[in-house]
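Q: Got a structure here, written out as structure tokens. Questions coming.
There are 2 protein chains.
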Amino acid sequence: MTDRPARDAGKTAKSQRTRAAILQAAQELFATQGYERTTVRDVAARAAIDPAMVMRYFGSKEGLFARATAFDLQLPDLTKVARPRIGETLVGHFVEIWEGPRSNGSLISLLRAAASSDDAANAIRTIFGGQVVPMLARVAPPDELFQRAGLVATQIMGLAVSRYILKVPPVVAMDRAQLVTLLGPTMQRFVVGKL
Amino acid sequence: MTDRPARDAGKTAKSQRTRAAILQAAQELFATQGYERTTVRDVAARAAIDPAMVMRYFGSKEGLFARATAFDLQLPDLTKVARPRIGETLVGHFVEIWEGPRSNGSLISLLRAAASSDDAANAIRTIFGGQVVPMLARVAPPDELFQRAGLVATQIMGLAVSRYILKVPPVVAMDRAQLVTLLGPTMQRFVVGKL
DNA sequence: TGCATATGTCAACATTCGTTGACTTATTCG
DNA sequence: CGAATAAGTCAACGAATGTTGACATATGCA
Numbered sequence: 000m001t002d003r004p005a006r007d008a009g010k011t012a013k014s015q016r017t018r019a020a021i022l023q024a025a026q027e028l029f030a031t032q033g034y035e036r037t038t039v040r041d042v043a044a045r046a047a048i049d050p051a052m053v054m055r056y057f058g059s060k061e062g063l064f065a066r067a068t069a070f071d072l073q074l075p076d077l078t079k080v081a082r083p084r085i086g087e088t089l090v091g092h093f094v095e096i097w098e099g100p101r102s103n104g105s106l107i108s109l110l111r112a113a114a115s116s117d118d119a120a121n122a123i124r125t126i127f128g129g130q131v132v133p134m135l136a137r138v139a140p141p142d143e144l145f146q147r148a149g150l151v152a153t154q155i156m157g158l159a160v161s162r163y164i165l166k167v168p169p170v171v172a173m174d175r176a177q178l179v180t181l182l183g184p185t186m187q188r189f190v191v192g193k194l
Numbered sequence: 000m001t002d003r004p005a006r007d008a009g010k011t012a013k014s015q016r017t018r019a020a021i022l023q024a025a026q027e028l029f030a031t032q033g034y035e036r037t038t039v040r041d042v043a044a045r046a047a048i049d050p051a052m053v054m055r056y057f058g059s060k061e062g063l064f065a066r067a068t069a070f071d072l073q074l075p076d077l078t079k080v081a082r083p084r085i086g087e088t089l090v091g092h093f094v095e096i097w098e099g100p101r102s103n104g105s106l107i108s109l110l111r112a113a114a115s116s117d118d119a120a121n122a123i124r125t126i127f128g129g130q131v132v133p134m135l136a137r138v139a140p141p142d143e144l145f146q147r148a149g150l151v152a153t154q155i156m157g158l159a160v161s162r163y164i165l166k167v168p169p170v171v172a173m174d175r176a177q178l179v180t181l182l183g184p185t186m187q188r189f190v191v192g193k194l
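Chains as they are written, first to last, in numbering that gives the first Met the number 0: chain A, 0 to 194; chain B, 0 to 194.
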């Protein structure tokens, strides 16, 4: 016998494609409808596969959600950014993550889910603690680091909520350059300015 | 026959009490769990009444939600506030609404629900258009009114999301006075400052 | 008191959901 | 080729949900 211990693991190229299709459908639906309103059947229909395949590949709806919302912010090294432009850089980077070509709806999915799930909220806190705080630690005053990180969170999350979830008209109407110009100074103050 | 056209309308004092109990239970649950995860049975259990009573008094779960999230921001008249303190006043007012003694979880309920419901998101947009914009119109430059209202939205909603939904630790740790001090200047700039 | 109306209880409904297991088809490899 | 394994299909399950209607009880008025 061949020593293949694993059964039903996605090995072939074809399976990778359907797996990716499920993942993409899930990301789109989670991002636009949140966790509860997104059903396994909806995901399967959009991916044009059988609902049972979702279970085969991801174990459960929660497993699928965990995979669909795993991502890396790829935050910049702020020590390599001209100090007066840190605020603008940060705002631009987040908007790029949300709207840029490589964007999937991951962060927005998580944010939507966090509204009714402590697990999702905890995932966002982990991202902040593990990615945003370390980034700020390189340029912000150490004794105010967490406070400043919290302030950054309020502005960044507020932008995301207003623009992508609540869809507040004037916020939706702003283009990326405007967002950088208008929110950059606030961000600058939160990171390295006088509080 | 008596010409009473309506049947089963809450007329007696006793019914008003149970009606209020249902409403309070609903507000608490909607605020902490969001719309989807809050079941009619949960509300009934917390109010110590029968699930059928919820339907009798509010028609449907959606009807209950609509009643539980109807509220008035009671925003201040900014023309009576010293101009340099407008920002601090606004931040303090919102925190008071959210945490003060007369607070019910209405706004937070709506915010949670908006994550997965376009109707709820639209309700928040209506509140902004009907209450926040008119308030700002009395002190903000008219040609930038909507843009400034949008910026105010990003900061206020961001604070609410970070503090009450995501529960970002440093944001939760700040007391009201700190919030006013830290976010006041940003608010000030968004309302009457140089953009 | 006695009738009418409001208030509350109970059980059941139809539907939808996540999940499972048996089955069939396609693919790989000796 | 032909056996073994992966990929995909199908029908059904048990549980939970919003909602309904029949029924029982309490209350107010003539």
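The beta carbon of each residue, even a glycine, is placed where N, CA and C say it ideally should be.
(1) Tell me the rounded alpha-carbon separation between B/SER116 and A/ARG147.
(2) I want to see whether chain B comes within less than 8 Å of A/ARG137, judged by CB atoms only; does it?
(3) Taking a cut of 8 Å between CB atoms, which residues from the segment 19-39 of chain B lie near chain A?
(4) Can you look up A/ILE48 in the DSSP assignment and give me helix, strand or coil?
(5) Excluding five sequence neighbours on each side, which residues of the same chain lie with their C-beta closer than 8 Å to the C-beta of B/GLU143?
(6) Return the Cβ separation of A/GLN26 and A/ALA67 in integer angstroms, given the expectation that the two are a contact with Cβ distance under 8 Å.
(7) Counting only beta-carbon separations shorter than 8 Å, does B/LEU165 have a partner in chain A?
(8) Going by Cα to Cα distance, which pick from B/GLN15, B/SER102, B/PHE29 and B/ILE21 is closest to B/ALA113?
(9) For A/GLN146, decide whether its Cβ has a neighbour in chain B, counting only Cβ atoms nearer than 8 Å.
(10) When you check each C-beta in the segment 118-134 of chain A against every C-beta of chain B, which residues fall closer than 7 Å?
(11) Thinking B/GLY91 and B/ARG175 are a contact (beta carbons under 8 Å), I'd like their distance in whole angstroms, please.
(12) For the candidate residues A/GLN15, A/GLY149, A/ILE21 and A/LEU77, whose alpha-carbon lies nearest to that of B/LEU178?
(13) Please list, in chain order, the chain B residues whose beta carbon lies closer than 7 Å to that of A/MET156.
(14) Counting only the same chain and skipping the five closest in sequence on each side, list residues whose C-beta sits under 8 Å from that of B/SER274.
(15) Run down chain A in chain order and give the residues with a C-beta less than 7 Å from the C-beta of B/PRO169.
(16) Should A/SER161 and A/VAL170 be called a contact, given that it needs their Cβ atoms to be closer than 8 Å?
(17) Within 8 Å, do at least three Cβ pairs link the segment 124-134 of chain B to the segment 72-87 of chain B?
(18) For a cutoff of 8 Å on Cβ pairs, would you count A/ARG46 as touching chain B?
(19) Does chain B have any CB closer than 8 Å to the CB of A/THR68?
(20) Please report the distance separating the alpha-carbon of A/SER102 from that of A/GLU95.
(21) Please state the DSSP three-state secondary structure of A/LEU74.
(22) Closest Cβ-Cβ distance between B/SER105 and chain A: below 8 Å?
(23) Taking the alpha helix (DSSP H) that B/GLU143 falls in, what are its first and last residues?
(24) Taking only three categories from DSSP, how would you classify A/VAL170?
(25) Are the beta-carbon atoms belonging to B/ALA44 and B/ILE21 less than 8 Å from one another?
(26) Give every residue of the same chain whose Cβ lies closer than 7 Å to the Cβ of B/ILE155, excluding the five residues on either side of it in the sequence, and list them in chain order.
(27) Taking the alpha-carbon positions, what's the A/LEU89 to A/ILE126 distance?
(28) Could you tell me which of A/ALA65, A/VAL190, A/VAL42 and A/ILE48 sits nearest to A/THR153, measuring between CA atoms?
(29) What did DSSP end up calling A/ARG101 once you bin it into helix, strand or coil?
(30) Would you mind telling me which residues of chain A sit closer than 7 Å to B/LEU194, beta carbon to beta carbon, in chain order?
(31) With a Cβ-Cβ cutoff of 8 Å, do A/ALA122 and A/LEU110 count as a contact?
(32) Taking 8 Å as the cut-off, decide whether the C-beta atoms of A/LYS60 and A/VAL39 are in contact.
(33) Buried or exposed: B/GLY58, going by 16 or more other Cβ atoms within 10 Å of its Cβ?
(34) Against B/ALA113, what residues of chain A qualify as contacts under a CB-to-CB distance less than 7 Å, listed in chain order?
A: Walking through what the data contain:
(1) As a first step, residue 116 of chain B is located in the second sequence; it is residue number 117 there, counting from the start. As a first step, residue 147 of chain A is located in the first sequence; it is residue number 148 there, counting from the start. Cα-Cα distance, rounded: 32 Å.
(2) Numbered from 1 along the first sequence, position 138 holds the residue referred to as residue 137 of chain A. A/ARG137 does not count as touching chain B.
(3) GLN32, GLY33, TYR34, GLU35 and ARG36
(4) Indexing the first sequence from 1 puts residue 48 of chain A at position 49. Residue state, collapsed to three classes: coil.
(5) To locate residue 143 of chain B, count along the second sequence from 1; it is residue 144. Closer than 8 Å at Cβ, skipping near neighbours: LEU194.
(6) Here residue 26 of chain A corresponds to residue number 27 of the first sequence, with the count starting at 1. Here residue 67 of chain A corresponds to residue number 68 of the first sequence, with the count starting at 1. Their Cβ separation, rounded to whole angstroms, is 5 Å, which keeps A/GLN26 and A/ALA67 in contact under 8 Å.
(7) In the second sequence, counting from the first residue as 1, residue 165 of chain B sits at position 166. Yes, its Cβ sits closer than 8 Å to a Cβ of chain A.
(8) To locate residue 113 of chain B, count along the second sequence from 1; it is residue 114. The option with the nearest alpha carbon to B/ALA113 is B/PHE29.
(9) Taking the first residue of the first sequence as 1, we reach residue 146 of chain A at position 147. At least one chain B Cβ lies under 8 Å of A/GLN146.
(10) ALA120, ILE123, ARG124 and PHE127
(11) Along the second sequence, one-based indexing puts residue 91 of chain B at 92. Along the second sequence, one-based indexing puts residue 175 of chain B at 176. The Cβ separation is near 7 Å, so the contact holds.
(12) Reading the second sequence from its first residue, position 179 is the one you call residue 178 of chain B. Residue A/GLY149 is the option with its Cα nearest to B/LEU178.
(13) Residue 156 of chain A sits at position 157 when you count from the first residue of the first sequence. The answer, in chain order, is GLY157, VAL160, SER161 and LEU165.
(14) As displayed, chain B neither begins before 0 nor continues past 194, which places residue 274 of chain B out of reach and without an answer.
(15) Within the second sequence, numbered from 1, the residue matching residue 169 of chain B stands at position 170. Those are PHE145, GLN146, ALA148 and GLY149, listed as they occur along chain A.
(16) Looking up residue 161 of chain A in the first sequence gives position 162. Looking up residue 170 of chain A in the first sequence gives position 171. In this structure, A/VAL170 lies closer than 8 Å to A/SER161 by Cβ.
(17) yes
(18) Position 47 of the first sequence holds residue 46 of chain A. The residue asked about is misnamed: residue 46 of chain A is Ala in this sequence, not Arg. Cβ-Cβ to chain B under 8 Å: no for A/ALA46.
(19) Along the first sequence, read from residue 1 onward, the residue named residue 68 of chain A stands at position 69. No - not a single Cβ of chain B is within 8 Å of the one on A/THR68.
(20) Counting from 1 along the first sequence, the entry for residue 102 of chain A is found at position 103. Counting from 1 along the first sequence, the entry for residue 95 of chain A is found at position 96. Each residue's alpha carbon lies about 8 Å from the other.
(21) Sequence index remark: in the first sequence, residue 74 of chain A carries index 75 (1-based). The answer is coil: DSSP assigns A/LEU74 none of H, G, I, E or B.
(22) Taking the second sequence and counting its residues from 1, the one referred to as residue 105 of chain B is at position 106. Not closer than 8 Å to any Cβ of chain A, the Cβ of B/SER105 fails to qualify, so no.
(23) Working through the second sequence from its first residue, we reach residue 143 of chain B at position 144. Per DSSP, B/GLU143 belongs to no alpha helix (DSSP H) and is neither H nor E.
(24) Stepping through the first sequence from its first residue, residue 170 of chain A is reached at position 171. A/VAL170: helix per DSSP, three-state reduction.
(25) Walking along the second sequence from the start, residue 44 of chain B turns up at place 45. Walking along the second sequence from the start, residue 21 of chain B turns up at place 22. The answer is no: Cβ separation not under 8 Å.
(26) Indexing the second sequence from 1 puts residue 155 of chain B at position 156. PHE93, listed in sequence order.
(27) For the purposes of this step, residue 89 of chain A is taken as the residue at position 90 of the first sequence. For the purposes of this step, residue 126 of chain A is taken as the residue at position 127 of the first sequence. Distance between the alpha carbons of A/LEU89 and A/ILE126: 16 Å.
(28) As a working mapping, residue 153 of chain A is identified with position 154 in the first sequence. Measuring from the Cα of A/THR153, the nearest candidate turns out to be A/VAL190.
(29) Against the first sequence, residue 101 of chain A aligns to sequence position 102. Coil, per DSSP.
(30) As a first step, residue 194 of chain B is located in the second sequence; it is residue number 195 there, counting from the start. Within 7 Å Cβ-Cβ: LEU181.
(31) Here residue 122 of chain A is taken as the residue at index 123 of the first sequence, counted from 1. Here residue 110 of chain A is taken as the residue at index 111 of the first sequence, counted from 1. For A/ALA122 and A/LEU110, no; Cβs fall outside 8 Å.
(32) Counted from its first residue, the first sequence places residue 60 of chain A at position 61. Counted from its first residue, the first sequence places residue 39 of chain A at position 40. Their beta carbons are under 8 Å apart, which means A/LYS60 touches A/VAL39 by this criterion.
(33) Numbered from its first residue, the second sequence carries residue 58 of chain B at position 59. Classification for B/GLY58: exposed.
(34) Residue mapping note: residue 113 of chain B aligns to position 114 of the second sequence, counting from 1. Simply ILE164 and LEU165.
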